[in-house]
Amino acid sequence: MSFIDAFEEKLPAGYLNNPQYRISYYLVPKISNHKTSADIAVEFVKADTTQAIQINKFLIKETEKEKYKPGSIVEMMKKEGHITFNMYHFVKLWKTKKAKDSSQYGTGLSDGQWYWYSSWIDVVRNYCMEHKF
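Residues 222 to 354 in the working numbering are what the sequence shown lists, from first letter to last.
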């Protein structure tokens, strides 16, 4: 008998079904054409909302990570006040960090282009703040 089994055996009747003690999750695998896509995305619904009352459970919502082109990230940084940041700095940064070697930062699509995830935008933003662009 495991520690958890021994512990739960001593709990008062009905306690195990109390949502303050235990919650159940139902996960459904996502089928994707790209190995760099997220395996799963979970959307939580607050228990006291109309949606939660209607479905009375948590649902899994399959989503794909939002993708950004390099030019749009450079423009985003300029709009945030990093006006001297440009494509040269962007390319220099991803090459220095070897960012294309990591699927956490982006993905190459069938059009031959590399698209960046929001996780890379955070890296670029920190770089801009550190170097005062």
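Glycine included, C-beta positions come from ideal geometry on N, C-alpha and C.
| Asked | Found |
| --- | --- |
| Return the chain-ordered list of same chain residues with a C-beta closer than 7 Å to the C-beta of Phe306, the five sequence neighbours on each side being excluded. | Val295, Met298, Lys299, Cys349, Phe354 |
| From the DSSP secondary-structure annotation, give me the bridge partner or partners of Trp337. | Tyr289, Gly327 |
| Once DSSP output is grouped into helix, strand and coil, what is the label at Ala234? | coil |
| What number of angstroms, rounded off, separates the C-alpha of Lys319 from the C-alpha of Gly292? | 19 Å |
| What does the alpha-carbon distance come out to for the pair Glu351 and Ser340? | 17 Å |
| Only counting the same chain, and skipping five residues up and downstream in sequence, which positions put a Cβ closer than 7 Å to that of Leu330? | Tyr336 |
| Pick out whichever of Glu301, Gln334, Asp332 has its Cα sitting closest to the Cα of Ile342. | Glu301 |
| What residue does the alpha helix (DSSP H) around Lys316 start on, and which one ends it? | 308-318 |
| Confirm, please, whether the CB-CB distance from Tyr309 to Gly327 is below 7 Å. | no |
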